[in-house]
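So the sequence lines, in the order shown, correspond to chains Y and G. What the first sequence shows, in this note's numbering, is residues 1 to 402, in sequence order. What the second sequence shows, in this note's numbering, is residues 403 to 804, in sequence order. Have a look at the structure below before the remarks.
2 protein chains.
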Amino acid sequence: MSNKPNIVILGAGYGGMITAARLQKSTASKDANVTLVNKNDYHYQTTWLHEPAAGTMHHDKTRMDISKVLDLSKINFVQDTVVEIKAEEKKVVLGTMELDYDYLVIGLGAVPETFGIPGVKEHAFGITNVDSVRQIKDHIDYQFATYSQMDEKHDEMLTIVVAGAGFTGVEFVGELTERVPELCKEYDIPREKVKLVSVEAAPTVLPGFDEELVEYAMNLLESRGVEFKINMPIKEVRADGVLLNDDTMLKSNTVVWTTGVRGNPVVENSGFEAMRGRIKVEKDLRAPGYEDIFVIGDCSLIINEETERPFPPTAQIAIQQAYTCANNLKALIEGKKELEVFNPEIKGTVASLGGNEAIGVVGSRKLYGNSASVMKKMIDNRYLYLLGGVPLVMKKGKLKFY
Amino acid sequence: MSNKPNIVILGAGYGGMITAARLQKSTASKDANVTLVNKNDYHYQTTWLHEPAAGTMHHDKTRMDISKVLDLSKINFVQDTVVEIKAEEKKVVLGTMELDYDYLVIGLGAVPETFGIPGVKEHAFGITNVDSVRQIKDHIDYQFATYSQMDEKHDEMLTIVVAGAGFTGVEFVGELTERVPELCKEYDIPREKVKLVSVEAAPTVLPGFDEELVEYAMNLLESRGVEFKINMPIKEVRADGVLLNDDTMLKSNTVVWTTGVRGNPVVENSGFEAMRGRIKVEKDLRAPGYEDIFVIGDCSLIINEETERPFPPTAQIAIQQAYTCANNLKALIEGKKELEVFNPEIKGTVASLGGNEAIGVVGSRKLYGNSASVMKKMIDNRYLYLLGGVPLVMKKGKLKFY
Chain Y
1 MSNKPNIVIL
11 GAGYGGMITA
21 ARLQKSTASK
31 DANVTLVNKN
41 DYHYQTTWLH
51 EPAAGTMHHD
61 KTRMDISKVL
71 DLSKINFVQD
81 TVVEIKAEEK
91 KVVLGTMELD
101 YDYLVIGLGA
111 VPETFGIPGV
121 KEHAFGITNV
131 DSVRQIKDHI
141 DYQFATYSQM
151 DEKHDEMLTI
161 VVAGAGFTGV
171 EFVGELTERV
181 PELCKEYDIP
191 REKVKLVSVE
201 AAPTVLPGFD
211 EELVEYAMNL
221 LESRGVEFKI
231 NMPIKEVRAD
241 GVLLNDDTML
251 KSNTVVWTTG
261 VRGNPVVENS
271 GFEAMRGRIK
281 VEKDLRAPGY
291 EDIFVIGDCS
301 LIINEETERP
311 FPPTAQIAIQ
321 QAYTCANNLK
331 ALIEGKKELE
341 VFNPEIKGTV
351 ASLGGNEAIG
361 VVGSRKLYGN
371 SASVMKKMID
381 NRYLYLLGGV
391 PLVMKKGKLK
401 FY
Chain G
403 MSNKPNIVIL
413 GAGYGGMITA
423 ARLQKSTASK
433 DANVTLVNKN
443 DYHYQTTWLH
453 EPAAGTMHHD
463 KTRMDISKVL
473 DLSKINFVQD
483 TVVEIKAEEK
493 KVVLGTMELD
503 YDYLVIGLGA
513 VPETFGIPGV
523 KEHAFGITNV
533 DSVRQIKDHI
543 DYQFATYSQM
553 DEKHDEMLTI
563 VVAGAGFTGV
573 EFVGELTERV
583 PELCKEYDIP
593 REKVKLVSVE
603 AAPTVLPGFD
613 EELVEYAMNL
623 LESRGVEFKI
633 NMPIKEVRAD
643 GVLLNDDTML
653 KSNTVVWTTG
663 VRGNPVVENS
673 GFEAMRGRIK
683 VEKDLRAPGY
693 EDIFVIGDCS
703 LIINEETERP
713 FPPTAQIAIQ
723 QAYTCANNLK
733 ALIEGKKELE
743 VFNPEIKGTV
753 ASLGGNEAIG
763 VVGSRKLYGN
773 SASVMKKMID
783 NRYLYLLGGV
793 PLVMKKGKLK
803 FY
C-alpha cells in the first residue's frame, strides 16, 4: 500500500476504541496506516452489560456501530476474530487473513475466570458480551413463561443464583431486584415465588470497597429480596443448580457467573508471559521485551504502588491507558525515543444497585442512594462524550437522572 | 343462600362468557344464582393466540379480567379448576370445593388433538392458552439468543416446524413471516438462516377452504419464505425435531402442534358419551338424556345438515350457541317447556396470513389481501362489542386497519 508504518489495534473495547479515536484526531492517522480489528462491527459498553442481562435496558443501547463512531476514511476497520499474535514475525493471524504490523496494540479484553470449578462453562451464563447477556435475559423470560405453563410447579425455575458478589455480581443482582416485579406481572407469578441468591466465596460482598457502603448495599438489597450466602465457595455447577461448599445443593435453572475475569486467552496462547492472562506492562505500557507492542485494558496488569497489589481491571484505567498509548504511538512514529509514563488516576468507583440506588467513593467522599446513582450515570455519559462528543451522549447516554 | 335455582357455567371462553353476559342482562340473573367457574381470573381470545405466540402482539391484549367485563354483583365468579361433573348428583367437583347446580352449562373448551403420535406432549408446543403462547414466544426468542451466543452454530435452533396447516397453523406461520425479520434484526442473524416449515398430513393446506384462496395463501406464504410439506404425516416428535412419514428427520428445536382439537377431557372423564371429547347435543343444546345440562362451544358437536358432517368448532358457533343457551336457561327458570332450537348461521370465515394479508369467504364473496384483513379485524372487534360494548372495543380492539 505505502511505506507508512502499520499500526494494528486488536479489540474495539474501551481501550482499543479510545486509542483509535485519539489517533484519528492526531497527525498519527496521516503518518501511519491505522487498522482496528474486532470480532463484531460494533463497540459495546462492557460496564453496562448487567442491565440488558437483567432486562432493564435494551441491549442495543449498550452498543454502537464502529462506523458511526470512528471515521473509517482515517481508520481501517477489519471485522474478524484474532487467532494468534506472532510477535517474532510481527504478524497477527486472524480468522480469515493475516496482518503485518509495525506497532501493535493488544486490547482484547477479558473472559470469565472459572477458577477451574467444574460445570461453569457447561451450565453457567456469563455477563460477557452483547450475545451472552441477550441470552441471559431471554433465558430468564423463558423460565418464567415455562413456570406459568406447567401444571406441576418447579420453584427452581424462579431461582436465580448470582455466583460472585464483586462489582458485576452486585450490580446485576441490583438490576434483578428492579426487574423481578415486572417479570412477576408479565408472567402472572407471585413475587414470593422468586428467589435471588448472591453467593460469594470471600468473607464479604464487594471485597475492597468501603465497609459502611457495603453495609448500605447489603441492607438495601436484602430489603428488596436478595439472599446473600457469604463465605460460601461453590464446589460445582450442575444442570440443576450449584453444589455449595457445605455440600448443600442450591437448586436453580439460572446460574450467572460473575467471579471475576482473566485476560483474553489469545495472550497466553501467543506465548506472552502472563498472570491470569494479563501481561505486566512496562511504565510506557509496552510488553516487556517488545518495543513495538502495547498492551492496554483487561489484558494488561499494572501494580498499584501504594498497596503493592495489581489494580483491578476497570474501564476507567483502560480509557486512561488509551490516551497514553495513543500519545506513545504518535511519538514512536515521529521518531521520538522518550515515551510517556502511564499514571493511573483513580477518580472514583460507583456501583449501581438498581433503579436510583448506588454506592460509591469519589475522591475521599462516600456517596450512596440517589446522589451516587446520578454520579454513576454521569460517569457513563462522560465516557460517551470522550468517545463521540455530545451527539453520542444524546444518542446512547443515560439521560433520565431520577 | 336462597331457594333460587343455581345455574353453574363451567368455563369462561367464548361460550361461557357470552352466556354469563346474556344472563346478566336478563331477569335470569335476578331469578337464579348464576355462578361462573374458570381456572383463571381472566377471559382470553383463543382465536387471537397465534399472534402472541409469534410475538406480533402482547399476550395481555388477548385477555381481560373477568371482573372488568362482567358485573360480579350479578354473576358469582369462582376461580378454580373443574375436576369432574357428577351429573347424577347434580354436582361439580372443583379443585378445592364442590358446587351443586340446578342447571349446568359445559363450556370447557378444547385441548390439542395428538392423534396418539408419540412425543407430541413431551416435545411440542401448543397454541392453547395465554400461558402456552407466552412460552412459545419466549422459547423462540431464546433459540435466537442462544444461536447468536454459540461459537458453533446449530441451524436447527432457527428452524420452526408448524405441524398442521389448518386454520391455526396457517395463521401462526403467517404471523411468523411478519415476526422473523424483526427477530433477525434483534439477534443479529441473517434472514436466510431461519426456516419456517409447515407440515400437513392431508393433501392440502386449509382443508375445506376455497381452492383459489388456498392457492393465494400458499403463494403468498411461500414468497415470504415458508416451506410447505403437504401430504406428509408426522410419525414422531423428538427432542431434536420431527420424524416424517418418509423416514427423513426434520431437525428443529421448535415444533408447534396445531393439528386440531378435541373436547376438554373432563367431559369424557365424567362419563358423557362423546366423539373426540365432544357431546353431540340436542337441538336445544342440551346433552342427550339430561334436561338440566347444556353443552356449548368446543365440547359440543353439531351436525351440518347440508354436508352431514360436524361443523368445525369455531368461536362464531360458540358465541351463537351462548345466545340460545342463555334464552333457554331463562325459559326453564320461568317454567316454560318450549325451548329455542339452535340454528347456526355461518356468516363467513377469514384466515389472517400476517400483516395486512388474509383470505376469507363472507357470504358468497371471496376476499383476499387487505380487504380480507380488514374484515378479519372487524370480526374480532365485533366479538368485543358483543361482550363489552364500545368501551371493550376501544380497550382491546384491533383498531389499526392498515
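The C-beta atom is built at its ideal place from N, Cα and C for all residues, glycine as well.
Span of the alpha helix (DSSP H) around D540 (chain G): From DSSP, the alpha helix (DSSP H) with D540 (chain G) extends over V532 to Q551.
Going by the CB atoms, is the gap between I468 (chain G) and A414 (chain G) shorter than 8 Å? yes
Would R179 (chain Y) pass as an interface residue toward chain G - the criterion being a Cβ-Cβ separation below 8 Å? no
Any beta-carbon of chain G closer than 8 Å to the one on T258 (chain Y)? It does not; no Cβ of chain G falls within 8 Å.
Would you identify the three-state DSSP class for Y416 (chain G), choosing helix, strand or coil? helix
Take every Cβ of the segment 142 to 150 of chain Y, pair it with every Cβ of the segment 197 to 207 of chain Y, and state whether three or more of those distances are shorter than 8 Å. no
Taking just the CA atoms, how far does T660 (chain G) sit from Y515 (chain G)? Here residue 515 (chain G) is Glu; the residue named in the question, Tyr, does not match the sequence. Taking the straight line from one Cα to the other gives about 8 Å.
If contact is defined by three or more beta carbon pairs under 8 Å, each pair taking one atom from either stretch, is the segment 630 to 640 of chain G in contact with the segment 509 to 524 of chain G? yes
Excluding sequence positions up to five away, which residues of its chain have a Cβ less than 8 Å from the Cβ of V170 (chain Y)? Taken in chain order, the residues that qualify are S198, V205, L206, A217, L221, A351 and L353.
Between S29 (chain Y) and chain G, is the shortest Cβ-Cβ distance under 8 Å, so that the two count as touching? no
Assign K739 (chain G) to one of two classes, buried (16 or more other C-beta atoms within 10 Å of its C-beta) or exposed (fewer than that). exposed
How many whole angstroms separate the CB atoms of L104 (chain Y) and C299 (chain Y), which I take to be in contact at a CB cut-off of 8 Å? No, L104 (chain Y) and C299 (chain Y) are not in contact; Cβ-Cβ is about 12 Å, not under 8 Å.
Extent of the continuous beta strand (DSSP E) to which Y446 (chain G) belongs: Y444 to Y446 is the span of the beta strand (DSSP E), which, as asked, contains Y446 (chain G).
What span of residues does the alpha helix (DSSP H) with S29 (chain Y) cover, start to end? For S29 (chain Y), the enclosing alpha helix (DSSP H) has its first and last residue at A28 to D31.
Quick one: list the residues of chain Y neighbouring Y544 (chain G), beta-carbon separation under 9 Å, in chain order. Q135, D138, H139, D141 and Y142
Quick check: is the beta carbon of S600 (chain G) nearer than 8 Å to any beta carbon in chain Y? no
Does DSSP classify V78 (chain Y) as helix, strand or coil? strand
Using a Cβ-Cβ cut-off of less than 7 Å, list which residues of the segment 105 to 137 of chain Y approach chain G; keep chain order. D131, S132, R134 and Q135
Note down, in chain order, each residue of its chain lying with its Cβ closer than 6 Å to the Cβ of A526 (chain G), except the 5 sequence neighbours on either side. V639, V657 and W659
Run the CB neighbour count on L615 (chain G), radius 10 Å, all protein chains shown included, and call it buried at 16 or more, exposed below. buried
Start and end of the beta strand (DSSP E) containing S198 (chain Y)? K195 to V199
Please tell me whether Y589 (chain G) has its Cβ less than 8 Å away from any Cβ of chain Y. Yes, its Cβ sits closer than 8 Å to a Cβ of chain Y.
May I ask you to list, following chain order, the residues of the segment 146 to 157 of chain Y that have a beta carbon less than 7 Å from some beta carbon of chain G? T146, S148 and Q149
Spatial neighbours of Y383 (chain Y) in its chain, beta-carbon cut-off 8 Å, leaving aside the 5 residues before and after: Y14, Q45, A315 and I319
Element boundaries [alpha helix (DSSP H), containing Y770 (chain G)]: Y770 (chain G) -> not in any alpha helix (DSSP H); beta strand (DSSP E) instead, spanning R767 to Y770.
Check each candidate in Y:M375, Y:P310, Y:N38 and Y:E306 and name the one with the smallest Cα separation from R262 (chain Y). Y:P310
The beta strand (DSSP E) with L49 (chain Y) in it runs from where to where? Neither: L49 (chain Y) is in no beta strand (DSSP E) and is coded neither H nor E.
Cβ neighbours of P203 (chain Y) in the same chain (closer than 7 Å, five flanking residues each side left out): I230 and N231
Tell me which residue opens and which closes the alpha helix (DSSP H) that T570 (chain G) is part of. T570 (chain G) -> alpha helix (DSSP H) spans F569 to E588.
Under 7 Å Cβ to Cβ from T47 (chain Y), same chain only, skipping five residues before and after it: list those, please. A315
Here's a check: name, in chain order, each residue in its chain whose Cβ is nearer than 8 Å to the Cβ of I681 (chain G), leaving out the five neighbours to either side. Cβ within range, chain order: I508, G665, V669, F674, E675, A689, P690, V697, C701, S702 and L703.
Are the beta-carbon atoms belonging to K597 (chain G) and L560 (chain G) less than 8 Å from one another? yes
Determine, using beta carbons only, whether A724 (chain G) and T437 (chain G) come nearer to each other than 8 Å. No, the pair does not count as a contact, with Cβ atoms beyond the cut-off.
Please name the residue, chosen from G:D433, G:Q537 and G:A603, that lies closest to F517 (chain G) on a Cα-to-Cα basis. The shortest C-alpha separation from F517 (chain G) is found at G:A603.
For L99 (chain Y) and D31 (chain Y), the rounded distance between their alpha carbons: One Cα belongs to D31 (chain Y), the other to L99 (chain Y), and the distance between them is close to 18 Å.
In the DSSP assignment, find the beta strand (DSSP E) that holds I359 (chain Y) and state where it starts and stops. E357 to V362
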